[in-house]
Amino acid sequence: MENRVVITAASAISPIGHHKDEIIDSLINGKSGVKALRPDDLLSDYVESKVFGTVSTPIEFDFERKYRKTMGPVAYYACQVVKEVLEAAGLDPAFISSGRLGVAFGSTHGSPTVQRGIYEKFFSHSRSDFSTVGAVDYLKSMVHTTAVNITKMFRIKGRVISSSTACTTGSQSIGFGYEAVKYGLQDAMLCGGADEYDTTTVAVFDNLLACSTAFNDTPHRTPRPFDKQRDGLVVGEGAGCVLLESYDFARKRGAPILGEVIGFWCNNNGGDLILPNRDGITDTIRLGLKNAGLAPEEVDFVSAHATATKMGDIVEAQAIHNVYGDHPYVTGLKGYMGHTMGSCGAIETIMTLYMMEKGFMAPTLNLTDVDDRCAMIRHTQKLIERDIHIAAVQNFAFGGVNTCLFIKKFE
Amino acid sequence: MTRDEILTRILSVFEQEFEIKNPGLDENLTEAYEFDSIDALELLGEIEKMLGSELSREEKKESMEIRTINQICDYVERLARSRGL
Numbered sequence: 000m001e002n003r004v005v006i007t008a009a010s011a012i013s014p015i016g017h018h019k020d021e022i023i024d025s026l027i028n029g030k031s032g033v034k035a036l037r038p039d040d041l042l043s044d045y046v047e048s049k050v051f052g053t054v055s056t057p058i059e060f061d062f063e064r065k066y067r068k069t070m071g072p073v074a075y076y077a078c079q080v081v082k083e084v085l086e087a088a089g090l091d092p093a094f095i096s097s098g099r100l101g102v103a104f105g106s107t108h109g110s111p112t113v114q115r116g117i118y119e120k121f122f123s124h125s126r127s128d129f130s131t132v133g134a135v136d137y138l139k140s141m142v143h144t145t146a147v148n149i150t151k152m153f154r155i156k157g158r159v160i161s162s163s164t165a166c167t168t169g170s171q172s173i174g175f176g177y178e179a180v181k182y183g184l185q186d187a188m189l190c191g192g193a194d195e196y197d198t199t200t201v202a203v204f205d206n207l208l209a210c211s212t213a214f215n216d217t218p219h220r221t222p223r224p225f226d227k228q229r230d231g232l233v234v235g236e237g238a239g240c241v242l243l244e245s246y247d248f249a250r251k252r253g254a255p256i257l258g259e260v261i262g263f264w265c266n267n268n269g270g271d272l273i274l275p276n277r278d279g280i281t282d283t284i285r286l287g288l289k290n291a292g293l294a295p296e297e298v299d300f301v302s303a304h305a306t307a308t309k310m311g312d313i314v315e316a317q318a319i320h321n322v323y324g325d326h327p328y329v330t331g332l333k334g335y336m337g338h339t340m341g342s343c344g345a346i347e348t349i350m351t352l353y354m355m356e357k358g359f360m361a362p363t364l365n366l367t368d369v370d371d372r373c374a375m376i377r378h379t380q381k382l383i384e385r386d387i388h389i390a391a392v393q394n395f396a397f398g399g400v401n402t403c404l405f406i407k408k409f410e
Numbered sequence: 000m001t002r003d004e005i006l007t008r009i010l011s012v013f014e015q016e017f018e019i020k021n022p023g024l025d026e027n028l029t030e031a032y033e034f035d036s037i038d039a040l041e042l043l044g045e046i047e048k049m050l051g052s053e054l055s056r057e058e059k060k061e062s063m064e065i066r067t068i069n070q071i072c073d074y075v076e077r078l079a080r081s082r083g084l
């Protein structure tokens, strides 16, 4: 038996806002969350990209020490959005610990801030420093730190899925959570991703010449998805969480329904681990549509991965055109906040839900002059007041991983 | 190092590091305050600071059955005595 899977609560910490009203205001008014890179004592002087999608809203974390002790910054973000989702959902505490609620949550690589501290101690060649590296350092820095800090704080006993596939971490979490509920393995899943402020990620992409460097003095003007002047991605931070429930379970408990996940696909390019691949992305979209039981013309909005790299945007535009022609409106939400890495799939899904609820399509920020090679699709270049009935959320990652989620407005 | 001095230091560590105020001296710390294996390892680090010397692997293993503040004080008292403190 297959269950319908609905989204009943959502929360995001993003460079363009924390709570829903703030995020919607930024989307409607074209506010960027990209800021100057903060100086640090490690890499900021060396990287050429001096911009970062920065969470600026102060967040008061109110976690007891027994929870804080195993949390790096990334887990703070993760637990905060989950806390907000659980507060909004009003789930019975007995259900939360029943084993029927699971967690699908990940990050790119645990807490890089904590990892940096560990390596400083290892390379200090000091026995006393070495011996101070302990269990908590591992628990803060391991790749599944977000998922298990969530299970601990909220006493969740269901299955744990902790994808760590860079830029598809968040979208895989939602997709795998969707499958767990769809096939009756769990009644509900908390799904999402998080990543903290981290200059090592900037350095990696910078060395690959993938980062934006031409707008260091005007951070809000980059990244520029699909634009002629785009010059690369901007690394960002944030977290997003959605609660997925089976439709029957949600209806039985009278939960408000924000949207329905109707399909998901994930594949791999089966080759190069870095270069975007038009055929791989095209297949993901086509197979996702089939999984959702949709014809291409039924999709009216695409949240594109659109990191604003030279080649990535062209390849994605080609894949979208291959499947949809120029029918759906396409927005690259990273124009507002940069690439929030492991959280981008979750954050972009949540922003899409907000647009669905409020009946508008946000334009791709900084897209003023469409690159001719990306011009074959229907770009959202101004705010459009129109209902989104079915949206596709696309994300792709290093390693050749592609995902596509399909979200339906609940009517 | 007197028993009273040890108790004062341990209670201070519990308040400052573990946010546990005025625990009962014979309370099971795990049951009463969710004091866990991670906290125990951190406590050993604090005890090393108190004693001004590292604990051997054998000395650390001896701590694994400790459950209460009084047992912690007994343990630190033994370690201090063996170091001539």
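Same order as they appear, the protein sequences are chains A and B. If you use numbering that gives the first Met the number 0, the first sequence corresponds to residues 0 to 410, in order. If you use numbering that gives the first Met the number 0, the second sequence corresponds to residues 0 to 84, in order. Glycine residues also receive a C-beta, built at the ideal position from the N, C-alpha and C atoms.
Query - 6 Å CB neighbourhood of A/Y76 in its chain, flanking five on each side removed - result: Here the question's residue 76 of chain A lines up with position 77 in the first sequence. The beta carbon of A/Y76 is closer than 6 Å to those of I12, A193, A238 in its chain, skipping five residues each way along the sequence.
Query raised in the report: Taking A/A74 as the reference, which of A/Y196, A/I22, A/S25 has the closest Cα?
Result: As a first step, residue 74 of chain A is located in the first sequence; it is residue number 75 there, counting from the start. Nearest C-alpha to A/A74: A/Y196.
Query - Partner residues on chain B for A/T131, Cβ-Cβ distance less than 9 Å - result: Here residue 131 of chain A is taken as the residue at index 132 of the first sequence, counted from 1. Within chain B, the residues near A/T131 are G44.
Query - C-alpha distance - B/A39 paired with A/A146, whole-angstrom precision - result: What you label residue 39 of chain B is simply residue 40 of the second sequence in a count that begins at 1. What you label residue 146 of chain A is simply residue 147 of the first sequence in a count that begins at 1. Their backbone Cα atoms lie some 23 Å apart in a straight line.
Query raised in the report: Who does B/F13 pair with in a DSSP beta bridge?
Result: Locating residue 13 of chain B in the second sequence gives position 14, where the first residue counts as 1. Answer is none; B/F13 lacks a bridge partner.
Query raised in the report: In chain A, which residues lie less than 9 Å from B/L40 when you measure between Cβ atoms?
Result: In the second sequence, counting from the first residue as 1, residue 40 of chain B sits at position 41. The answer, in chain order, is G133, A134, V135.
Query raised in the report: Mind listing which residues of the region 45-75 of chain A have their C-beta closer than 8 Å to chain B's C-betas, in chain order?
Result: For the region 45-75 of chain A, residues whose beta-carbon sits nearer than 8 Å to a beta-carbon of chain B comprise E63, R64, K65, K68, T69.
Report task. Give the single residue among A/K381, A/I346, A/A305, A/I349 whose Cα lies nearest to the Cα of A/N401. Result -> In the first sequence, counting from the first residue as 1, residue 401 of chain A sits at position 402. Per the C-alpha coordinates, the member of A/K381, A/I346, A/A305, A/I349 positioned closest to A/N401 is A/A305.
Requested in this report: Identify, in the order they occur along the chain, each residue of the same chain with its Cβ nearer than 8 Å to the Cβ of A/I415, setting aside the five sequence neighbours on each side.
Outcome: Outside the displayed span of chain A (0 to 410) sits residue 415 of chain A, for which this structure offers no information.
Requested in this report: Compare the C-beta of B/E14 with all C-beta atoms of chain A and state if any pair is closer than 7 Å.
Outcome: Translated into positions along the second sequence, residue 14 of chain B becomes position 15. Using beta-carbon distances, B/E14 does not count as an interface residue toward chain A, since no partner is under 7 Å.
**Report entry** Within chain A, partners of B/E33 - CB distance below 8 Å
**Finding:** Residue mapping note: residue 33 of chain B aligns to position 34 of the second sequence, counting from 1. Going along chain A in sequence order, the residues near B/E33 (Cβ under 8 Å) are K65.
Query raised in the report: Nearest to A/M355 by alpha carbon, out of A/W264, A/N290, A/Y335, A/I256?
Result: In the first sequence, the residue the question calls residue 355 of chain A occupies position 356. Residue A/I256 is the option with its Cα nearest to A/M355.
Query - Candidates A/G253, A/L90, A/C403: closest to A/N267 by CA position - result: Within the first sequence, the letter at position 268 stands for residue 267 of chain A. Just measuring C-alpha positions, the residue of A/G253, A/L90, A/C403 sitting nearest A/N267 is A/C403.
Query raised in the report: How about A/D44 and A/T198: do their beta carbons lie closer than 7 Å?
Result: As a first step, residue 44 of chain A is located in the first sequence; it is residue number 45 there, counting from the start. As a first step, residue 198 of chain A is located in the first sequence; it is residue number 199 there, counting from the start. Contact annotation: A/D44 and A/T198 have beta-carbon atoms that are not nearer than 7 Å.
Query raised in the report: On the premise that A/S170 lies in contact with A/I487, defined as a C-beta separation below 8 Å, what is that separation, rounded to the nearest angstrom?
Result: Here chain A comprises residues numbered 0 to 410, so residue 487 of chain A is not present and cannot be evaluated.
Query raised in the report: B/N69 to B/T7, Cα distance in whole Å?
Result: Looking up residue 69 of chain B in the second sequence gives position 70. Looking up residue 7 of chain B in the second sequence gives position 8. So the alpha carbons of these two residues sit roughly 12 Å apart.
Query raised in the report: Taking Cβ to Cβ, would you say A/V203 is nearer than 7 Å to A/G52?
Result: Residue mapping note: residue 203 of chain A aligns to position 204 of the first sequence, counting from 1. Residue mapping note: residue 52 of chain A aligns to position 53 of the first sequence, counting from 1. Not in contact: A/V203 and A/G52 (Cβ atoms no closer than 7 Å).
Query raised in the report: At a Cβ threshold of 7 Å, is B/I65 touching chain A?
Result: Counted from its first residue, the second sequence places residue 65 of chain B at position 66. No, B/I65 lies away from the interface with chain A (no Cβ there is under 7 Å from its Cβ).
Requested in this report: Figure out for me which residue from A/Y66, A/T7, A/I27 has the closest Cα to the Cα of B/Y32.
Outcome: As a working mapping, residue 32 of chain B is identified with position 33 in the second sequence. Per the Cα distances, A/Y66.
Query raised in the report: Measuring CA to CA, which of A/F248, A/E244, A/S55 is closest to A/V260?
Result: The residue given as residue 260 of chain A occupies position 261 in the first sequence. Among A/F248, A/E244, A/S55, the Cα nearest to that of A/V260 is on A/E244.
Query raised in the report: Which whole-angstrom value is the C-beta distance of A/A318 and A/I273, which I expect to be below 8 Å?
Result: Looking up residue 318 of chain A in the first sequence gives position 319. Looking up residue 273 of chain A in the first sequence gives position 274. About 17 Å separates the beta carbon of A/A318 from that of A/I273, a gap too long to meet the 8 Å contact definition.
Report task. Measure from the C-beta of B/I68 to each C-beta in chain A and report whether the shortest distance is under 7 Å. Result -> Start at 1 with the first residue of the second sequence, and residue 68 of chain B comes out as number 69. Taking Cβ atoms only, chain A never reaches closer than 7 Å to B/I68, which makes this a no.
Query raised in the report: How big is the Cα-Cα spacing for B/C72 and A/M141?
Result: Walking along the second sequence from the start, residue 72 of chain B turns up at place 73. Walking along the first sequence from the start, residue 141 of chain A turns up at place 142. In this structure, the CA atom of B/C72 is about 34 Å from the CA atom of A/M141.
Query - Coil, strand or helix - B/R2 by DSSP - result: Mapped onto the second sequence, residue 2 of chain B falls at position 3. It is helical.
Requested in this report: Would you list the one or two residues that DSSP bridges to A/V301?
Outcome: On the first sequence, residue 301 of chain A is found 302 positions in, with the first residue counted as 1. Answer is A/V329, A/A391, bridged to A/V301.
Requested in this report: May I have a chain-ordered list of the beta strand (DSSP E) segments no shorter than 3 residues that lie completely inside the region 83-151 of chain A?
Outcome: Listed in chain order, they are 100-105.
Query raised in the report: So what does A/T402 bridge to, in DSSP terms?
Result: Along the first sequence, one-based indexing puts residue 402 of chain A at 403. DSSP output for A/T402 lists A/C265, A/N394 as bridge partner(s).
Report task. State yes or no: is the C-beta of A/V135 nearer than 6 Å to some heavy atom of the ligand ADP? Result -> With respect to small molecules bound, the structure shown includes none, and the ligand ADP cannot be examined in it.
Query - Unbroken stretches of the alpha helix (DSSP H), 4 residues or longer, contained in the region 304-367 of chain A - result: Whole alpha helix (DSSP H) segments, 4+ residues: 309-323, 333-336, 343-357.
Report task. Determine, using beta-carbon pairs with one atom in the region 362-382 of chain A and one in the region 223-233 of chain A, whether at least three such pairs fall under 8 Å. Result -> The region 362-382 of chain A, when compared against the region 223-233 of chain A, does touch it at the 8 Å Cβ threshold.
Query raised in the report: B/L54 and B/L42 look like a contact to me (Cβ under 8 Å); what is the Cβ gap, rounded to whole Å?
Result: As a first step, residue 54 of chain B must be located in the second sequence, where it is residue number 55. As a first step, residue 42 of chain B must be located in the second sequence, where it is residue number 43. Cβ atoms of B/L54 and B/L42 stay farther apart than 8 Å, at about 11 Å.
Requested in this report: Work out the CA separation of A/D386 and A/M360 for me, nearest whole Å.
Outcome: Here residue 360 of chain A corresponds to residue number 361 of the first sequence, with the count starting at 1. Here residue 386 of chain A corresponds to residue number 387 of the first sequence, with the count starting at 1. It is roughly 8 Å from the alpha-carbon of A/M360 to the alpha-carbon of A/D386.
Query - Exposure label - A/H320; buried when at least 16 CB within 10 Å - result: For the purposes of this step, residue 320 of chain A is taken as residue 321 along the first sequence, with counting starting at 1. Per the 10 Å Cβ criterion, buried.
Query raised in the report: Leaving out five residues before and five after A/N290 in sequence, what residues of the same chain have Cβ atoms less than 6 Å from its Cβ?
Result: As a first step, residue 290 of chain A is located in the first sequence; it is residue number 291 there, counting from the start. So the list reads G262, W264, once near-sequence residues are dropped.
Requested in this report: Give a yes or no on whether the minimum CB-CB distance between B/E18 and chain A is below 7 Å.
Outcome: For the purposes of this step, residue 18 of chain B is taken as residue 19 along the second sequence, with counting starting at 1. In terms of beta-carbon proximity, B/E18 lines the interface with chain A, with at least one pair separated by less than 7 Å.
Report task. Taking C-beta pairs closer than 9 Å, name the residues in chain A that B/I9 reaches, listed in chain order. Result -> Position 10 of the second sequence, counted from the start, is the residue given in the question as residue 9 of chain B. Under the 9 Å cutoff, chain A gives no residues; its nearest Cβ is about 17 Å from B/I9.
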